[in-house]
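Undergrad: Mind having a look at this structure? Questions to follow.
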């Protein structure tokens with residue numbers, strides 16, 4: 002009997018300390034571009050709701066170069082990438098060849114950006130406590146083979162980390178794995194992507210256990226890669242019949258088996274993580290897939306809001322097998338006020354999303370799709386590319402001009418604060434404990450009430 006009691010107490014202690022570790026992980030880290038569960042939620046964060054350039058700024062660090070990837074963090078380090086123009090001009094014929102790739106419509110409409118300079122692709126580590134740049138690693142110096150959208154960058158993807166590895170993907174310009182001290186472990190070149198309208202690359206790498214997931218959707222042969230995170234060696238690769246997408250895959254366990262969920266142009270697909278076998282497929286969302294899927298483990302939510310193409314699909318993952326079009330595996334759909342660039346936020350049974358890339362917020366019941374409110378104007382905010390995030394009952398929505406609205410969680414629309422910084426922002430906010438991190442075009446901010 003005493004032996005059984007000791008075992009029971011031991012199990013309770015393991016559960017207790019396991020919960021403590023999980024809580025600490027939630028509080029102290031933001032390892033992916035949408036947080037620990039890839040849904041934009043910080044379960045233990047308590048950041049300020051008010052700030053300005055003169056109020057609640059813990060530190061502010063200039064970041065060289067251009068990059069719109071959201072920071073990720075582990076322990077006392079923040080990791081992000083940028084592309085820096087060098088004082089080195091490419092040969093005239095090379096510049097002309099690159100500019101020829103830009104479609105005429107993109108030129109006429111002013112959607113395209115090119116450069117005449119070589120670029121330096123870099124990975125930064127920044128001290129989370131004081132903003133000091135700990136190390137900067139130059140991974141490549143190269144003239145780009147294609148242009149980008151004027152609103153993008155040649156360093157648009159977020160890093161990913163597991164506390165041992167830091168992985169940065171520059172797409173066509175290489176994938177790089179470092180340890181936390183900045184020592185290069187491995188690098189991999191998957192070739193050049195050909196992006197629709199030469200609008201630049203954007204999907205972020207995803208780490209899950211020992212696997213690194215790289216989505217390679219472009220105008221050539223699209224692929225989904227699963228690499229060994231320790232070596233960069235390919236575990237499996239799957240050809241995809243897809244055009245360009247910019248969405249980041251999502252990994253979720255369903256009935257004990259991990260799936261890679263990929264929002265697609267022609268098809269959205271769930272792949273078995275270990276084998277690459279197709280688990281389910283659904284008619285795709287159409288052109289211009291940027292918003293990434295979110296899931297609570299029971300349902301996943303796939304979305305686009307590009308131009309006239311608008312769609313939100315809620316998939317019952319437990320029922321999703323084979324072709325699920327017109328089956329009960331599709332719980333509900335809507336084409337109203339869906340998001341284009343920002344990804345949706347899934348918090349406490351509610352799905353929040355912006356209309357197109359406007360500062361207009363909707364909230365629906367995640368299980369049923371019933372609308373709580375739709376396309377409510379966030380006055381004072383303009384267009385938004387950053388994805389909403391949640392902590393401590395508040396939703397943080399950041400626009401491109403530095404204004405941020407803090408909205409009360411729940412079925413009623415209520416703005417509780419508005420804030421402004423002197424920078425432009427496309428990267429999504431990051432919340433860790435009492436800190437709110439905002440990456441601008443010029444600076445990385447740490448916002449904290451310092452109490």
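Numbering (our numbering), first residue to last: 2 to 452. Glycine included, C-beta positions come from ideal geometry on N, C-alpha and C. Here the structure is a predicted model, which is why all the values come from computation and not from measurement.
(1) Quick check: what's the CA-CA separation for residue 173 versus residue 124?
(2) Quick test of the definition: if touching needs 3 or more C-beta pairs under 8 Å, does the stretch 221-236 touch the stretch 186-204?
(3) Can you check which of these residues, 321, 405, 262 and 393, is closest to residue 381 by C-alpha distance?
(4) Cβ of residue 274 within 8 Å of Cβ of residue 260?
(5) Determine which residues share a DSSP beta bridge with residue 364 and list them.
(6) Which of the three DSSP states is assigned to residue 106 in this structure?
(7) Output the distance between the C-alpha atoms of residue 358 and residue 199, rounded to the nearest integer angstrom.
(8) To the nearest angstrom, how far is it from the Cα of residue 181 to the Cα of residue 149?
(9) Does the beta-carbon distance from residue 423 to residue 403 come in below 8 Å?
(10) For the candidate residues 450, 88, 65 and 142, whose alpha-carbon lies nearest to that of residue 136?
(11) Look up residue 318 in the DSSP assignment and say whether it is helix, strand or coil.
(12) Is it true that the stretch 238-246 meets the stretch 143-160, where meeting means three or more beta-carbon pairs spaced less than 8 Å apart?
(13) Who are the Cβ neighbours of residue 82 in its own chain at under 6 Å, not counting the five residues just before and after it?
(14) Output yes or no for whether 8 Å exceeds the beta carbon distance between residue 414 and residue 362.
(15) Find out if the Cβ-Cβ distance for the pair residue 126, residue 80 is shorter than 8 Å.
(16) Does the distance from the CB of residue 57 to the CB of residue 435 come in under 8 Å?
(17) Nearest to residue 217 by CA position, among 122, 209 and 264, is which residue?
(18) Helix, strand or coil: which one does DSSP assign to residue 170?
(19) What's the gap between the Cα of residue 443 and the Cα of residue 290?
(20) Would you kindly work out how many angstroms separate the C-alpha atoms of residue 24 and residue 45, rounded to a whole number?
(21) Check each candidate in 141, 30, 146 and 210 and name the one with the smallest Cα separation from residue 176.
(22) Within this structure, are the beta carbons of residue 437 and residue 49 separated by less than 8 Å?
(23) Restricting to runs no shorter than 4 residues, where is the alpha helix (DSSP H) found entirely within the stretch 239-327?
(24) Which runs of the beta strand (DSSP E) spanning at least 3 residues fall entirely within the stretch 71-134, listed in chain order?
(25) Leaving out five residues before and five after residue 245 in sequence, what residues of the same chain have Cβ atoms less than 7 Å from its Cβ?
(26) Could you tell me whether the stretch 381-391 touches the stretch 364-373, where touching means 3 or more Cβ pairs closer than 8 Å?
(27) For residue 341 versus residue 397, is the C-beta distance shorter than 8 Å?
TA: Checking against the coordinates, here is how it stands:
(1) 16 Å
(2) yes
(3) 405
(4) yes
(5) 353 and 374
(6) helix
(7) 20 Å
(8) 30 Å
(9) yes
(10) 65
(11) helix
(12) no
(13) 68, 70, 124, 156 and 169
(14) yes
(15) yes
(16) no
(17) 264
(18) strand
(19) 27 Å
(20) Confidence is the limiting factor: at residue 24 the pLDDT is only 41, short of 50, which leaves the residue's position unreliable and the question unanswerable from this model.
(21) 141
(22) yes
(23) none
(24) 73-75, 78-90 and 118-128
(25) 196, 197, 218, 219 and 220
(26) no
(27) no
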